[in-house]
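A quick write-up on the structure given underneath.
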Amino acid sequence: MMLKTMGVLLCATLVACVDVMPQKDFNLEKMAGKWWVVGIATNAQWFVNRKAGMKMGTSMLLPTAGGDLDISCANQNADGSCWRMTHLAKKTDIPGRFTFTSQRWNNENDMRVVAVQYDDFALIHTIKTKHGVTDVLNKLFSRTPEVSADLQKKFMQFSLDTGILSENIVILPKNGECTEE
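Numbering (mature numbering (1 follows the signal peptide of the UniProt record, and there is no 0)), first residue to last: -17 to -1, 1 to 164.
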């Protein structure tokens, strides 16, 4: 009994134990195009230290012929310059679930598209692991910089359910958009 109780406590502490599955009828082709990153939620220290200065950015998603997903992220900096990052997310045996290694942050990522209405929003859940430490990162994508109050509530509740503290759930302020280079 003691061992079982310790396991539950450890699982609750690590939050990665929450088994979040992708949306059942996931369609990779319909994910293609530009998405605004309108919400971010994580207890990771990097976010806690930087959340006050974060603003909306965009992600371009491009399915590959082999079923993987090219992800190109861009955020406009205060001086008008752009911060960019790209990943090739490899498909898994489960549609809507991808894995990739971030070259920039040197971490392993297990990304799941848990809810999506392809012309409106996508809720992305990523389990990030670096040096044995695991963090959960939830993102709310939208086809426009505007997002309904109901969708914000859904994102907040999902984030709470995956172990994110309420103060670490942020709907990002609008920002300028980076143009293609």
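Cβ coordinates follow ideal geometry from the N, Cα and C atoms, glycine included.
Since the model is a prediction, treat every value here as computed from it, not as a measurement.
Could you pull out every residue in the same chain whose Cβ sits closer than 7 Å to the Cβ of PRO128, ignoring the five residues on either side in sequence?
Non-local C-beta neighbours of PRO128 in its own chain, meaning closer than 7 Å and more than five positions away in sequence, comprise TRP19, VAL21, MET39, LYS157, ordered along the chain.
Quick test of your reading: ILE23 and VAL153, contact by CB under 8 Å. State the CB separation rounded to the nearest angstrom.
6 Å
Give me the Cα-Cα distance between ASP102 and LYS17, rounded to the nearest whole angstrom.
Approximately 11 Å between the Cα atoms of the pair.
If I measure Cβ to Cβ from GLY79 and keep anything under 7 Å in the same chain, skipping five residues before and after, which residues do I get?
PRO5, GLN6, PHE9, ARG95, VAL96
Skipping 5 residues on each side, what residues in its chain have a beta carbon closer than 6 Å to that of VAL99?
Excluding sequence neighbours, VAL99 sits near GLN6, ALA105.
Check whether the segment 53 to 61 and the segment 27 to 41 touch, using three or more Cβ-Cβ pairs below 8 Å as the test.
yes
Spatial neighbours of GLN135 in its chain, beta-carbon cut-off 6 Å, leaving aside the 5 residues before and after
ILE154
Cβ shell of ARG67 (< 6 Å), same chain only, five flanking positions each side left out:
ALA57
Distance CB(THR82)-CB(ASN92) smaller than 8 Å:
yes
Cβ neighbours of residue 168 in the same chain (closer than 7 Å, five flanking residues each side left out):
No statement about residue 168 is possible, as the shown extent of the chain runs from -17 to 164 and does not include it.
My output table needs one value for LEU155: the three-state DSSP class, helix, strand or coil.
coil
Using the DSSP secondary-structure output, state which residues sit across from GLY40 in a beta bridge.
VAL20
Under 6 Å Cβ to Cβ from PHE138, same chain only, skipping five residues before and after it: list those, please.
Counting only Cβ-Cβ distances below 6 Å, and skipping sequence neighbours, we find GLY22, LEU123.
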